[in-house]
Amino acid sequence: MTDDQRAVNQKKVLNRLRRAQGQLSAVITAVEAGDSCKDVVTQLAAVSSALDRAGFTIVSSAMRDCIADPDNAESLTVDELEKLFLALA
0 MTDDQRAVNQ KKVLNRLRRA QGQLSAVITA VEAGDSCKDV VTQLAAVSSA
50 LDRAGFTIVS SAMRDCIADP DNAESLTVDE LEKLFLALA
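In numbering that gives the first Met the number 0, the protein residues as written are 0 to 88.
Shown next as structure tokens:
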């Protein structure tokens with residue numbers, strides 16, 4: 000993976016994490032305000048989805064790196080990648 004591709008992936012991950020952070024803040028505000036269960040759970044589901052997408056993007060990027068350069072010292076083993084992937088499932 001080129002440095003440009005890494006930068007694009009990093010930007011995507013950061014955007015998703017920032018979105019999740021904003022959504023989590025909205026969940027906290029909704030709970031503090033005593034908003035309806037439906038509203039709180041809807042916001043919480045959005046946070047969860049944003050975090051999952053960020054995690055999958057990170058794992059898929061690591062997989063691409065391992066395929067592109069399996070001898071890289073920072074490459075993860077197949078078992079490590081599988082464990083990371085399953086941690087998100």
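We put the beta carbon where it would ideally sit given N, CA and C, even for glycine.
Report back the beta-carbon spacing between residue 42 and residue 26 to the nearest angstrom; my notes put them in contact at under 8 Å.
5 Å
When 76, 46 and 47 are compared against residue 63, the one with the closest alpha-carbon
76
Nearest by alpha-carbon distance to residue 19: which of 50, 55, 33 and 74 is it?
50
Please state whether the Cβ-Cβ distance between residue 53 and residue 12 is less than 8 Å.
yes
What is the rounded straight-line gap between the Cα of residue 79 and the Cα of residue 32?
42 Å
Pick from 82, 45, 37 and 67: whose alpha carbon is nearest that of residue 17?
45
If distances are taken between C-alpha atoms only, which option among 67, 47 and 15 comes closest to residue 2?
67
Spell out whether any CB of chain C is found under 8 Å from the CB atom of residue 44.
Annotation note: the requested chain C is absent from the structure, which comprises a single protein chain.
For residue 15, which residues in the same chain have their Cβ closer than 8 Å to its Cβ, ignoring the five residues on either side in sequence?
49, 50, 52, 53 and 56
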